[in-house]
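Down below is the structure, laid out as structure tokens.
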Amino acid sequence: MEDSVYKIIELVGTSTESWEKAAKNAVDRAAQSLRNLRIAEIVKLDMHLEDGKVLNYRARVRVSFKYED
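The opening position of the sequence shown corresponds to residue 59 in the working numbering, with each subsequent residue numbered one higher.
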């Protein structure tokens, strides 16, 4: 395996349905402008509440991608 360098960024995805969908939304959006995505790591899950009701699920996701030569 050759030596490689990866960049890690942190994103927050949201969804009105679930944390899984929120995480997927973050990765799907990153994939629109970044190539060579390698790993997605869930860092934190939380919810946006209003009047005691869940408005949005939020997933903080670290995504890594490989630098190209």
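Beta carbons are placed, not taken as given, at the ideal position from N, Cα and C, and that holds for glycine. Computed from a prediction, not measured in an experiment: that's the story for all the values here.
Cα-Cα separation between residue i and residue j, rounded to whole angstroms
i      : j      : result
Ser122 : Glu75  : 25 Å
Glu108 : Trp77  : 17 Å
Arg96  : Lys124 : 7 Å
Ala13  : Asp104 : There is simply no residue 13 to check, as the chain begins at 59 and stops at 127 in what is shown.
Arg116 : Asp127 : 34 Å
DSSP state of residue i mapped onto helix, strand, coil
i      : result
Val63  : coil
Arg87  : helix
Glu108 : strand
Glu78  : helix
Arg93  : coil
Glu99  : strand
8 Å Cβ cutoff met for residue i and residue j
i     : j     : result
Thr72 : Ala81 : no
Which listed residue (the options) has its alpha carbon closest to that of residue i
i      : options                      : result
Val101 : Leu113, Val119, Arg93, Ser62 : Val119
Lys65  : Lys111, Arg93, Asp86         : Arg93
Leu69  : Val85, Gly110, Leu113        : Val85
The ligand GTP heavy atom lying under 7 Å from the CB of residue i
i     : result
Ile67 : Absence of the ligand GTP from the depicted structure is noted, as is the absence of any ligand whatsoever, leaving it without description.
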